[in-house]
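For the protein sequence lines, the chains are R and C, in the order given.
Mapping the first sequence onto this note's numbering, position 43 (from 1) lands on 59, and the numbers just tick up by one.
Mapping the second sequence onto this note's numbering, position 104 (from 1) lands on 112, and the numbers just tick up by one.
Everything on this sheet refers to the single structure shown next.
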Amino acid sequence: AQSVTQLGSHVSVSEGALVLLRCNYSSSVPPYLFWYVQYPNQGLQLLLKYTSAATLVKGINGFEAEFKKSETSFHLTKPSAHMSDAAEYFCAGGRAGGTSYGKLTFGQGTILTVHP
Amino acid sequence: DVKVTQSSRYLVKRTGEKVFLECVQDMDHENMFWYRQDPGLGLRLIYFSYDVKMKEKGDIPEGYSVSREKKERFSLILESASTNQTSMYLCASSLSTPSAEQYFGPGTRLTVT
Chain R
17 AQSVTQLGSH VSVSEGALVL LRCNYSSSVP PYLFWYVQYP NQGLQLLLKY TSAATLVKGI
77 NGFEAEFKKS ETSFHLTKPS AHMSDAAEYF CAGGRAGGTS YGKLTFGQGT ILTVHP
Chain C
9 DVKVTQSSRY LVKRTGEKVF LECVQDMDHE NMFWYRQDPG LGLRLIYFSY DVKMKEKGDI
69 PEGYSVSREK KERFSLILES ASTNQTSMYL CASSLSTPSA EQYFGPGTRL TVT
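Structure representation (structure tokens):
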């Protein structure tokens, strides 16, 4: 069964610093991978997704993620954090084969805090 | 602009009450989902529907049922609410393709007292 693991339930950075949120997946078949963001009291919003077209994926708000098959990772980065980036981030994976297309497995979430 | 709406943002119910959470999407998506979100546990799938009147249990279906009579509407039912069902409930929808992303509603924060 596929699983998605986010390393670190809380990450704290200073404004202007690099943001790195870690995600590893477990699957014998490279999956489709997603990063979502959730601002307080809101639903989840898609940041970016990997669909095998390119290993480096650019998303909204200056975020990007790189798919590394050898490391089974899909870490999310942003060169310079902004106060408005403070939120909870979820990594998710979808299967490339089988039935039930559209089902996703979510990681546990990482809360990003940005200090002035 | 795509939209998933949920009937209530906040809901307070008493133990033993029957609770209905409604979700509507306007994107003609085949798939609809109900998740429960609790701190430190991420999103856990309760039920999934891939077509009208079709459903599949998720990871934590106990204590819940669902109904999908129309393509755009997916209801989550708590037959007899309990305090351990106090949580944030998120509805989502998607196309039925392998790379499809899910679109989420704003969530319903349910408190059972």
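From the three backbone atoms N, C-alpha and C, an ideal C-beta is built for every residue, glycine too.
Just so we're clear, the structure is a prediction, and the values are computed from it rather than from any experiment.
Next item on the list: Verify whether the separation of the beta carbon atoms of G66 (chain C) and G59 (chain R) is less than 7 Å.
Entry: no
Notebook entry, point to check: How close, in whole Å, do the beta carbons of F106 (chain R) and G123 (chain R) come, if the pair is a contact with beta carbons under 8 Å?
Noted result: 6 Å
Notebook entry, point to check: How is Q22 (chain R) classed by DSSP in three states: helix, strand or coil?
Noted result: strand
Item checked: For L86 (chain C) and S15 (chain C), the rounded distance between their alpha carbons -> 15 Å
Check: Is L72 (chain R) closer than 7 Å to E82 (chain R) when the C-beta atoms are compared?
Finding: yes
Next item on the list: Check the Cβ of T67 (chain R) against every Cβ in chain C and list those closer than 8 Å, keeping chain order.
Entry: S107
Margin query: Taking 7 Å as the threshold (C-beta atoms), are Y52 (chain R) and A103 (chain R) in contact?
Written below: no
Next item on the list: Run through the region 19–101 of chain C for me and flag every whole beta strand (DSSP E) of 3 or more residues, listed as ranges in chain order.
Entry: 27–33, 39–46, 50–59, 62–65, 72–78, 81–86
Checklist line | Proximal residues to D59 (chain C) (C-beta, below 7 Å), its chain only, five neighbours per side dropped | finding: E38
Notebook entry, point to check: At a CB-CB cut-off below 7 Å, which residues of chain C make contact with K119 (chain R)?
Noted result: F56
Notebook entry, point to check: What whole-angstrom Cβ distance do P106 (chain C) and Y66 (chain R) have, given they're in contact under 8 Å?
Noted result: Going by Cβ atoms, the distance from P106 (chain C) to Y66 (chain R) rounds to 12 Å, so no, they are not a contact pair.
Next item on the list: State the beta-bridge partners of T83 (chain R) as determined by DSSP.
Entry: Note on residue identity: the sequence assigns Phe, not Thr, to residue 83 (chain R). DSSP lists R:F90 as partners of F83 (chain R).
Check: Any C-beta of chain R sitting closer than 7 Å to the C-beta of S104 (chain C)?
Finding: yes
Margin query: Which same chain residues end up closer than 6 Å to R117 (chain C) when comparing Cβ atoms and leaving out the 5 residues on each side of it in sequence?
Written below: Y18, M96
Check: Taking Cβ-Cβ distances below 7 Å as the criterion, which residues of the region 38–63 of chain R are in contact with chain C?
Finding: Y48, F50, Q58, G59, L60, L62
Check: For V74 (chain C) versus Q93 (chain C), is the C-beta spacing smaller than 7 Å?
Finding: no
Note to self: Quick check on this structure: which residue in C:D36, C:R52, C:M35 has the alpha carbon closest to the alpha carbon of Y43 (chain C)?
What the structure shows: C:R52
Notebook entry, point to check: Are the CB atoms of R76 (chain C) and V32 (chain C) nearer to each other than 7 Å?
Noted result: no
Next item on the list: List the whole-angstrom C-beta distance separating C99 (chain C) from V27 (chain C), where the pair is believed to meet the contact cut-off of C-beta under 8 Å.
Entry: Not really, about 14 Å apart at Cβ, beyond 8 Å.
Margin query: Quick check: is the beta carbon of L51 (chain C) nearer than 7 Å to any beta carbon in chain R?
Written below: yes
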